[in-house]
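There are 2 protein chains.
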Amino acid sequence: MASKTETRRAELRAKLIDIAETTIATEGLSALRARDLAAKAGCAVGAIYNVFGDLTELALAVNARTFHRLGEAVITALQDAPEDCVEQLVVMGQAYHRFAADNYLSWCAIFDVERPSGQAAPDWYIAEMEKLFGHIIGPLTKLFPEESLENRILLTRALFSSVHGIVVLGLDEARISVPASDIDRMINLVLRQLTAPK
Amino acid sequence: MASKTETRRAELRAKLIDIAETTIATEGLSALRARDLAAKAGCAVGAIYNVFGDLTELALAVNARTFHRLGEAVITALQDAPEDCVEQLVVMGQAYHRFAADNYLSWCAIFDVERPSGQAAPDWYIAEMEKLFGHIIGPLTKLFPEESLENRILLTRALFSSVHGIVVLGLDEARISVPASDIDRMINLVLRQLTAPK
DNA sequence: CCTATAAATGAACTACGTTCATCAATAGGA
DNA sequence: TCCTATTGATGAACGTAGTTCATTTATAGG
Chain S
0 MASKTETRRA ELRAKLIDIA ETTIATEGLS ALRARDLAAK AGCAVGAIYN VFGDLTELAL
60 AVNARTFHRL GEAVITALQD APEDCVEQLV VMGQAYHRFA ADNYLSWCAI FDVERPSGQA
120 APDWYIAEME KLFGHIIGPL TKLFPEESLE NRILLTRALF SSVHGIVVLG LDEARISVPA
180 SDIDRMINLV LRQLTAPK
Chain Y
0 MASKTETRRA ELRAKLIDIA ETTIATEGLS ALRARDLAAK AGCAVGAIYN VFGDLTELAL
60 AVNARTFHRL GEAVITALQD APEDCVEQLV VMGQAYHRFA ADNYLSWCAI FDVERPSGQA
120 APDWYIAEME KLFGHIIGPL TKLFPEESLE NRILLTRALF SSVHGIVVLG LDEARISVPA
180 SDIDRMINLV LRQLTAPK
């Protein structure tokens, strides 16, 4: 049975995550400020700290949502993909690209939150990452049934990392941004080559 | 003829970059603080702003050095590499990995400095990047002499981005870090596959 | 040597995240 | 229903940043 306090806190928590999500999506992680947040939520500054340990914790809650949406975007893209395993990987890679481009500030926030060195990643991060990896290792197992599990995991990680690298550097507007079509061509190229039989 | 003022400023500038370089290398970009810097340099806080527009500008000066050292590390590694083009690419990829691992905080700073959206990358960044790309496109041209320049540039970028992605995610200790040997195996795998004839 | 100009200085200003003494609401017993 | 111990909410205040600018100090030409 939820006490009045618990309900209020749960509501405030949800409201704060919603507001923070919008702020991060439209203005970026650096625009997440306690006073603005309190003003928008109609609560005291201190109230934020009754619900979250600090602002990083709130940002992480938003990132969990973003990462989850990313996973769903990949799954959705996979639904009307050809049965061919290589094509499925390409579709996933391009879905990753599209999500990152369409949700650029939110996607950046996943990698920009303060990472206390030596501290383990949050559970949701590991869980979502493994879910993503799960979608990749499936087609790879069909393509390379004779490979060891260890090698397949390594290849999974290599594929994901390569696509991630192409998207990270390709979308980095503050440095040298690359046309979206070139990013897609690189993803295509890399995934087809990496899955070509030796 | 350098006036006394100019000399002093040039000296302070150099001293500040040295101190900032050490700070970033040992404690990370977030440990770069104006007051600490002034104390270590034996100057007033305001003096920093006579020489640099803001702390970001100072951080960028350090990053230019880091990026240059990275380029030199790659060139050095290339010097005693086999003549085989694929091997050369692997050597460069692993040199990139080694440099990032050995200079982790400095290397992170290259990507962590505040990037004012919409603003172009500094000249030194573009120049060093093109120098790095130059080392990659050489072997690739030998490997694929029939390909168009455009395709070779695309492949160059794809190779670099893939290795970068593997290193970025592999070294990210705050999330899930990967054994160095696995990172090297992935670099090996990716580069050999991406340069394999179709 | 003197003084007009330029440079260096660091206290002060602004903008943060975060805390905590104070005030208000709650809920269980009379 | 009322009362009060306890728990929760509040926002002024604190600490720590980057950055500025009135003041002090040094420079260099006459």
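Chains S and Y, in that order, are what the protein sequence lines are.
Quick note: the first sequence, position 35, residue 34 per numbering that gives the first Met the number 0, numbers continuous.
Quick note: the second sequence, position 70, residue 69 per numbering that gives the first Met the number 0, numbers continuous.
Where is the CB? At the ideal position from N, CA and C, for every residue including glycine.
Run the CB neighbour count on residue i, radius 10 Å, all protein chains shown included, and call it buried at 16 or more, exposed below.
i         : result
S:Ala-9   : exposed
Y:Met-0   : Residue confidence is low: Y:Met-0 scores 44 on pLDDT, short of 50, so the model does not pin down where it sits. Its coordinate-derived value is still stated next. Exposed, by the Cβ-count rule.
S:Ser-160 : buried
Y:Gln-78  : exposed
S:Ile-109 : buried
S:Ala-30  : exposed
S:Ala-38  : exposed
S:Thr-6   : exposed
S:Glu-127 : buried
Y:Gln-192 : buried
S:Val-89  : buried
Y:Gln-118 : exposed
S:Arg-156 : buried
Y:Thr-21  : exposed
Y:Ser-58  : Here residue 58 of chain Y is Ala; the residue named in the question, Ser, does not match the sequence. Buried, because 16 or more other Cβ atoms sit within 10 Å of the Cβ of Y:Ala-58.
Y:Val-44  : exposed
Y:Asn-62  : buried
Y:Ala-13  : exposed
Check each candidate in the options and name the one with the smallest Cα separation from residue i.
i         : options                                      : result
Y:Ser-116 : S:Ile-16, S:Asp-17, S:Thr-4 and S:Leu-28     : S:Leu-28
Y:Val-177 : Y:Ile-165, Y:Gln-192 and Y:Arg-114           : Y:Ile-165
Y:Val-162 : Y:Glu-145, Y:Asp-181, Y:Pro-144 and Y:Ala-33 : Y:Asp-181
Y:Phe-66  : Y:Leu-54, Y:Ala-157, Y:Tyr-48 and Y:Ile-125  : Y:Ile-125
Y:Pro-138 : Y:Leu-154, Y:Tyr-95 and Y:Glu-127            : Y:Leu-154
Y:His-96  : Y:Arg-34, Y:Thr-140 and Y:Leu-168            : Y:Leu-168
S:Glu-56  : S:Ile-16, S:Thr-75 and S:Ala-80              : S:Ile-16
Y:Asp-122 : Y:Ile-23, Y:Ala-43, Y:Ala-60 and Y:Ile-18    : Y:Ala-60
S:Ala-179 : S:Gly-92, S:Glu-113, S:Arg-114 and S:Val-112 : S:Gly-92
Y:Ile-18  : Y:Glu-86, Y:Leu-54 and Y:Pro-196             : Y:Leu-54
Y:Leu-11  : Y:Gly-41, Y:Arg-184, Y:Leu-158 and Y:Gly-70  : Y:Gly-41
Y:Gly-70  : Y:Ala-99, Y:Ile-47 and Y:Val-50              : Y:Ala-99
S:Val-189 : S:Leu-158, S:Ile-175 and S:Asp-171           : S:Leu-158
S:Glu-86  : S:Glu-26, S:Asp-171 and S:Lys-141            : S:Lys-141
Y:Thr-4   : Y:Arg-68, Y:Asp-111, Y:Glu-113 and Y:Asn-49  : Y:Asn-49
S:Ala-33  : S:Phe-51, S:Leu-170 and S:Ala-24             : S:Phe-51
Y:Pro-196 : Y:Ala-24, Y:Pro-144 and Y:Ala-76             : Y:Pro-144
Y:Asp-101 : Y:Ala-80, Y:Asp-83, Y:Arg-68 and Y:Ile-74    : Y:Arg-68
S:Ile-175 : Y:Arg-184, Y:Asn-187 and Y:Arg-114           : Y:Arg-114
S:Thr-75  : S:Ala-94, S:Arg-64 and S:Asn-187             : S:Ala-94
S:Asp-171 : Y:Asn-187, Y:Pro-81, Y:Ala-120 and Y:Asp-35  : Y:Ala-120
Y:Ile-23  : Y:Glu-129, Y:Ser-2, Y:Arg-64 and Y:Ala-80    : Y:Arg-64
Y:Thr-194 : Y:Asp-111, Y:Asp-83 and Y:Ser-2              : Y:Asp-83
At a CB distance below 8 Å, what residues from the region 78-95 of chain S approach chain Y? Give them in sequence order.
If the cut-off is 8 Å between Cβ atoms, the region 78-95 of chain S has nothing near chain Y.
Any residues in the region 167-189 of chain S with a beta carbon nearer than 8 Å to a beta carbon of chain Y? Which ones, in chain order?
Hits within the stretch, in order: Val-167, Leu-168, Gly-169, Asp-171, Glu-172, Ala-173, Arg-174, Ile-175, Val-177, Asp-181, Arg-184, Met-185, Leu-188 and Val-189.
If you pair each beta-carbon of the region 133-147 of chain S with each one of the region 100-110 of chain S, do three or more pairs fall below 8 Å?
The region 133-147 of chain S, when compared against the region 100-110 of chain S, does not touch it at the 8 Å Cβ threshold.
Every unbroken alpha helix (DSSP H) within the region 35-113 of chain Y, with a cutoff of 4 residues, ordered by chain:
Fully enclosed alpha helix (DSSP H) runs of 4 or longer: 44-50, 54-78, 84-101 and 103-111.
Chain S contacts from the region 150-162 of chain Y (Cβ-Cβ distance under 8 Å):
Listed by position, the residues of the region 150-162 of chain Y near chain S (Cβ gap below 8 Å) are Leu-153, Leu-154, Arg-156, Ala-157, Phe-159, Ser-160, Ser-161 and Val-162.
Within 8 Å, do at least three Cβ pairs link the region 141-158 of chain Y to the region 140-156 of chain S?
Between the region 140-156 of chain S and the region 141-158 of chain Y, the count of Cβ pairs shorter than 8 Å is below three; the stretches do not touch.
For the region 122-138 of chain Y, enumerate the residues whose C-beta is nearer than 9 Å to any C-beta of chain S, in chain order.
For the region 122-138 of chain Y, which is checked against every Cβ of chain S, the residues closer than 9 Å are Tyr-124, Ile-125 and Met-128.
Positions along the region 57-77 of chain Y whose CB lies within less than 8 Å of some CB in chain S:
Of all residues in the region 57-77 of chain Y, none has a Cβ within less than 8 Å of some Cβ in chain S.
Enumerate, from N- to C-terminal direction, the unbroken alpha helix (DSSP H) stretches of 4 or more residues contained entirely within the region 143-177 of chain S.
Taking only runs of at least 4 residues, the alpha helix (DSSP H) segments lying wholly in the region 143-177 of chain S are 148-170.
Selection of the region 40-52 of chain S by Cβ proximity to chain Y, strictly under 8 Å
Cβ contacts with chain Y come from no residue of the region 40-52 of chain S.
Listed from N- to C-terminal order along the chain, which residues in the region 6-32 of chain S have their beta-carbon within a distance smaller than 7 Å of any beta-carbon of chain Y?
From the region 6-32 of chain S, no residue has a Cβ closer than 7 Å to chain Y.
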